[in-house]
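This report concerns only the one structure given below.
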Amino acid sequence: PYVPPKTWRMAAEGTDENGYAKLTSNELAFGPLPEAEAAVRDVLPRANRYPDSHVLRLREVVAEANPGIGTQNVLVGNGSSEVIFNALQLLPSGGEIVYPWPSFSLYPTISAVLGMKARPVELAEGSELDEEALLAAVTEKTRAVILCNPNNPSGTYLPLGRVRKLAGELPEDVMLIVDEAYVEFVDDPGYRTSHELALEHENVLLARTFSKAHGLAGLRVGYGLASEKIADYAERVRFPVSVNLAAQVAAVASMQAREKVMERARFVISERERLRRAFSGAGVASIPSQGNFIMVKFPAADFERSGVLVREGEALGYPGWSRVTVGSEGENDRVVAALSGVGGAAS
Ligand code: PLP
Numbered sequence: 011p012y013v014p015p016k017t018w019r020m021a022a023e024g025t026d027e028n029g030y031a032k033l034t035s036n037e038l039a040f041g042p043l044p045e046a047e048a049a050v051r052d053v054l055p056r057a058n059r060y061p062d063s064h065v066l067r068l069r070e071v072v073a074e075a076n077p078g079i080g081t082q083n084v085l086v087g088n089g090s091s092e093v094i095f096n097a098l099q100l101l102p103s104g105g106e107i108v109y110p111w112p113s114f115s116l117y118p119t120i121s122a123v124l125g126m127k128a129r130p131v132e133l134a135e136g137s138e139l140d141e142e143a144l145l146a147a148v149t150e151k152t153r154a155v156i157l158c159n160p161n162n163p164s165g166t167y168l169p170l171g172r173v174r175k176l177a178g179e180l181p182e183d184v185m186l187i188v189d190e191a192y193v194e195f196v197d198d199p200g201y202r203t204s205h206e207l208a209l210e211h212e213n214v215l216l217a218r219t220f221s222k223a224h225g226l227a228g229l230r231v232g233y234g235l236a237s238e239k240i241a242d243y244a245e246r247v248r249f250p251v252s253v254n255l256a257a258q259v260a261a262v263a264s265m266q267a268r269e270k271v272m273e274r275a276r277f278v279i280s281e282r283e284r285l286r287r288a289f290s291g292a293g294v295a296s297i298p299s300q301g302n303f304i305m306v307k308f309p310a311a312d313f314e315r316s317g318v319l320v321r322e323g324e325a326l327g328y329p330g331w332s333r334v335t336v337g338s339e340g341e342n343d344r345v346v347a348a349l350s351g352v353g354g355a356a357s
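The sequence shown lines up with residues 11 to 357 when you count with full-length UniProt numbering.
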């Protein structure tokens, strides 16, 4: 098995102060890259100053990392949540937002906050995403479609050709938001990012985050790739300093060291496979996932009795199931042990 280098600081082997392994929120088990930590330490003495409100350095680094993208195509936010929120704010209120369901709980929340009607569309057989069902749900009231790809919590994905079809068949005044929060954890060769669609279509926005593979969830920073028009307008409605100084420099340093980020993502992928094998070996059903989490047919209460905190499946649309974040090696050992009722919170 892959052994992470000692320099990858672990979050105290993933245990919280009560001895539980916290695998509830699809976080990375490792702290930020040492490069990101050093960048934050270096700028702290300058924290009396406001950060760059244009977040230019980060937008440049993001543009350099994404072929065909210029800084004018990059929007930023206090996490990708703010990127998605700001983009949706641009749309005329009172309409509908269509998205597959189960998916990320933020989408109905944002719809409600913006006074839009949420139109969830059931995932197809096998928790698969289905562009035809989304297109069929679009009406003249639809303002946006949000596709989480790969999808949280199912871990399933829609191949680029089918996202392209969705983008091509949507009316031009309907925004398509493709949320790629988990893109770094994909290893299925059938998957490709939708980033070229953001350049081909004026109404397509791609949302990405530093909260997952980059291990910066606590600093709050994300970005979007879009047409110049959407990026420009979304940047205009953003609070001018929503991305703080520490978040900006950490994200730049992490992006510049992204080969190391991808090394950690490969660790998560190999541990995800180990968990899948353990689930199937124990006769426990699970959904093949391309994210840093797995839906598994095993009750959250039984995981908790074994000292592992996971996301209860009922609220996610999978009663009796749990969503388990792939953790550190030690945390994942505890997940496996829980299947046979072994373990418990550390005493
Ligand atoms: N999008 C999806 C689908 C998520 O599951 C998450 C986190 O759980 C995010 C985005 C991250 O949001 P943020 O970048 O605001 O931390």
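Glycine is no exception: its CB is placed at the ideal position from the N, C-alpha and C atoms.
With a threshold of 7 Å (Cβ to nearest heavy atom), would residue i be considered close to the ligand PLP?
i: Ser-91; result: yes
i: Ala-128; result: no
i: Ser-290; result: no
i: Asn-162; result: yes
i: Phe-114; result: yes
i: Ser-332; result: no
i: Ala-143; result: no
i: Ser-121; result: no
i: Gln-36; result: The sequence as given places Asn at residue 36; Gln does not occur at that position. Checking the Cβ of Asn-36 against the ligand PLP gives yes.
i: Ala-227; result: yes
i: Ala-46; result: no
i: Gly-232; result: yes
i: Thr-166; result: no
May I have the straight-line CA-CA distance separating residue i from residue j, to the nearest angstrom?
i: Pro-250; j: Ser-63; result: 5 Å
i: Asp-312; j: Ala-348; result: 7 Å
i: Leu-170; j: Ser-164; result: 18 Å
i: Arg-344; j: Ala-31; result: 8 Å
i: Val-352; j: Asp-189; result: 37 Å
i: Arg-333; j: Glu-47; result: 30 Å
i: Ala-73; j: Pro-309; result: 43 Å
i: Met-265; j: Arg-282; result: 24 Å
i: Phe-40; j: Tyr-109; result: 31 Å
i: Ser-91; j: Pro-329; result: 26 Å
i: Trp-331; j: Glu-314; result: 13 Å
i: Val-214; j: Gly-234; result: 10 Å
i: Ala-146; j: Glu-324; result: 27 Å
i: Tyr-117; j: Val-155; result: 10 Å
i: Leu-68; j: Val-262; result: 5 Å
i: Arg-248; j: Glu-142; result: 33 Å
i: Gly-340; j: Phe-195; result: 20 Å
i: Gly-354; j: Gly-80; result: 51 Å
Going by DSSP, what residue range makes up the beta strand (DSSP E) through residue i?
i: Leu-124; result: Unbroken run through Leu-124: none, as it is neither H nor E.
i: Arg-56; result: Neither: Arg-56 is in no beta strand (DSSP E) and is coded neither H nor E.
i: Ile-79; result: Counting along the chain, Ile-79 falls outside any beta strand (DSSP E), and DSSP gives it neither H nor E.
i: Gly-234; result: 232 to 236
i: Phe-303; result: 303 to 306
i: Asn-106; result: In the sequence under discussion, the amino acid at residue 106 is Glu, which differs from the Asn named in the question. Looking at the DSSP string, the run of the beta strand (DSSP E) that includes Glu-106 is 106 to 111.
Could you check whether the Cβ of residue i sits closer than 7 Å to any heavy atom belonging to the ligand ADP?
i: Ala-260; result: For the ligand ADP, the structure offers nothing, since it holds only the ligand PLP.
Look up residue i in the DSSP assignment and give the residues it is bridged to.
i: Glu-322; result: Ser-332
i: Ser-296; result: Val-306
i: Arg-218; result: Tyr-233
i: Asp-189; result: Cys-158, Ala-217
i: Pro-130; result: Tyr-109
i: Gly-87; result: Gly-232
i: Lys-32; result: Leu-319
Between which two residues does the alpha helix (DSSP H) containing residue i stretch?
i: Leu-226; result: No alpha helix (DSSP H) contains Leu-226, which DSSP labels as neither H nor E.
i: Val-259; result: 255 to 266
i: Ala-347; result: 339 to 349
i: Leu-144; result: 141 to 147
i: Arg-172; result: 170 to 179
Quiz item: For the region 200 to 213 against the region 169 to 184, are there 3 or more C-beta pairs whose distance is under 8 Å?
Solution: Contact holds: three or more Cβ-Cβ distances are below 8 Å.
Quiz prompt | Sufficient close CB pairs (3 or more, under 8 Å) joining the region 282 to 295 to the region 146 to 160 | solution = Between the region 282 to 295 and the region 146 to 160 there are fewer than three C-beta pairs closer than 8 Å, too few to call the two in contact.
Quiz item: Quick one: any contact between the region 253 to 269 and the region 123 to 140, if contact means 3 or more CB pairs under 8 Å?
Solution: Fewer than three beta-carbon pairs drawn from the region 253 to 269 and the region 123 to 140 are found closer than 8 Å, and the two stretches are therefore not classed as touching.
Practice problem: Examine the Cβ distances between the region 89 to 107 and the region 211 to 228 and report whether three or more of them are shorter than 8 Å. | Solution: Yes, they touch.
Quiz item: Do three or more CB pairs link the region 267 to 282 to the region 221 to 230 at distances below 8 Å?
Solution: Output reads yes: the region 221 to 230 touches the region 267 to 282.
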